[in-house]
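Beneath this line is the structure, given in structure tokens, with notes to follow.
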Amino acid sequence: MVVEGWAQLSDKTRADLRHPKNEGFPLALQEAKRHIHKGIVDIPMVMRDGGPIQYGRPESWAPGLARLVMDEILQVKPLRVRITDDTLGPDAAVLLPDGSVDGHFGGYDSVLGCAYSSIRGGCSYQEDRCVLFRDLFSDPSLSPAQRLEPGISFFGVYDGHLGSQTSEYLVSHLHANFAAELRHKKGRTPGDLKAAVRAAFKRTDEAFWEEWVKEGNKQNPKHNSGSAAVVVVIRGRDMVVGHVGDCRVVLSRAGGDVVELTVDHTFENEREVERVKAAGGKWVSDRLDGILQVSRAFGDFEEGGKPLGLTADPDIVAREIEDEDEFLVISSDGLWDKENTHMGLVSGKASIDFVRKRLATNQNDLQKAVEEVTAEGVKCSESDNTTAILVSFRSIDQVEPPSPVPERLFRIHTERPRFINVPKSTAPS
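Going by full-length UniProt numbering, the first residue of the sequence shown is number 1, and it counts up by one from there.
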């Protein structure tokens with residue numbers, strides 16, 4: 001096994017990876033390889049005194065370990081592994097740090113099968129942010145009061161505007177507030193998940209307002225940023241989607257069926273237009289107060305709070321994941337904005353068809369598919385950032401790619417054709 005960043009691991013961890021005391025790590029890696037053929041996986045390590053005592057998902061842990069982790073007696077750290085060749089056995093791996101290259105960064109997670117990609121597009125700045133937690137239980141940043149039982153996944157895309165301060169705040173706080181709310185509610189049902197998502201949105205926006213006032217940002221318009229947001233929470237077969245603004249979630253089902261799980265909070269949404277008017281807000285040139293394209297968002301504070309009609313109260317959809325469900329596309333509006341209607345992706349169905357075709361011909365390589373779909377989305381909205389997460393529930397059946405056109409059909413003649421001059425026949429005299 002080749003390790004990058006080996007020096008950052010503890011001596012005990014390096015020793016255990018060189019000479020495993022048991023089959024813990026090989027078995028955990030083999031389990032991860034059941035979910036992906038090639039890519040990056042995070043394998044949880046339960047740590048004690050600076051060394052690993054258990055590898056793998058919480059359901060594989062010895063009895064009592066989960067309670068010790070929740071009580072912070074033991075710690076959990078992720079071991080990032082790139083599986084490079086399925087033929088090399090469970091030890092074929094490269095450990096990698098997170099990174100960014102040329103403004104295009106990405107990552108892969110294996111529990112449900114998930115990948116993300118984010119591109120600046122034609123912008124000189126990046127206001128999009130996203131989070132992927134395959135298991136909130138394993139997030140070391142959560143306090144004991146926020147720690148949940150294993151098996152709850154959280155994905156979020158945050159599309160900032162007028163700056164990245166708000167979307168950056170969401171990265172650090174929204175999932176943590178959700179975890180705290182769900183733990184407080186002792187949530188066991190889909191209804192509890194929905195309530196925790198709604199409460200987390202409210203709690204996060206209110207806390208951001210308090211911080212905004214404390215720092216005196218009402219005198220500094222550079223900090224009057226905001227952010228659309230969409231989150232997907234999954235526990236077993238229960239899935240809850242909450243969103244404000246124009247980020248979207250689209251579901252692909254077997255047979256090519258498409259389910260739109262969100263509706264944009266913009267002037268094109270008649271229900272939203274009436275809600276804003278009832279709240280005392282006004283639309284000018286199809287924008288809230290003539291400025292904001294979205295009517296629900298985090299942040300966007302002004303002296304006294306949010307503009308009339310603007311809210312961070314989310315629309316929430318709960319759904320049971322069915323056997324026919326294939327994958328989700330979770331994205332900022334940059335993926336399908338209608339800036340260039342003759343190019344790129346202009347609908348949820350277009351994005352699903354694009355991704356499905358890629359997965360059906362690339363051995364279900366989610367990372368390649370998400371990078372290709374964001375690159376295609378940039379054609380649609382060149383002046384916006386584009387961020388997407390793919391969450392896979394099942395593999396897409398593979399089909400043979402189209403046969404290449406024979407080379408002879410592409411041959412270009414560079415010489416002038418030669419014609420045979422046939423003498424004209426002469427009539428008998």
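Using N, Cα and C, we set each Cβ at its ideal position, and we do this for glycine too.
Segment contact: the segment 251-259 against the segment 198-205, fewer than three CB-CB distances shorter than 8 angstroms; contact not assigned. Put simply, the segment 175-187 does not touch the segment 280-295. Fewer than three CB pairs are less than 8 angstroms apart. Cβ-Cβ distances below 7 angstroms link GLY280 to LEU308 and GLY309 in the same chain, with the five nearest sequence neighbours on each side left out; the list follows chain order.
The continuous stretches of beta strand (DSSP E) do not include GLU215, and DSSP gives it neither H nor E. DSSP, reduced to helix, strand and coil, places GLY290 outside both helices and strands of the structure shown, so it counts as coil. With the rule of 3 Cβ pairs closer than 8 angstroms, the segment 171-179 does not count as touching the segment 262-269. Taking a 10 Å sphere around the C-beta of ASP313, we find fewer than 16 other C-beta atoms and assign the residue as exposed.
The DSSP-derived three-state label of PHE201 is helix. The Cβ atoms of LEU390 and ILE330 sit closer than 9 angstroms to each other. With at least 16 other beta carbons inside 10 angstroms of its own, PRO44 counts as buried. Secondary structure of THR374 (DSSP, three-state): helix.
Here ILE119 is buried, its C-beta having at least 16 other C-beta atoms within 10 Å.
With a 10 Å radius around the Cβ and a threshold of 16 neighbouring Cβ atoms, TYR125 comes out exposed.
Where VAL244 is concerned, the enclosing beta strand (DSSP E) starts and stops at 238-244. In this structure the segment 189-196 does not touch the segment 359-373; the number of beta carbon pairs closer than 8 angstroms is below three. Taking 9 angstroms as the cut-off, the Cβ atoms of PHE298 and ALA229 count as close.
A residue is called buried once 16 or more other Cβ atoms fall within 10 Å of its Cβ, and ILE352 is buried on that count.
Separation of GLU324 and LEU251 (C-alpha to C-alpha, rounded to the nearest whole angstrom) is 11 angstroms. DSSP lists LEU251 and VAL391 as the beta-bridge partner residues of LEU328.
Using a Cβ distance threshold of 9 angstroms, THR374 and GLN398 do not count as a contacting pair. For HIS161, there is no enclosing alpha helix (DSSP H); the enclosing beta strand (DSSP E) has its first and last residue at 152-161.
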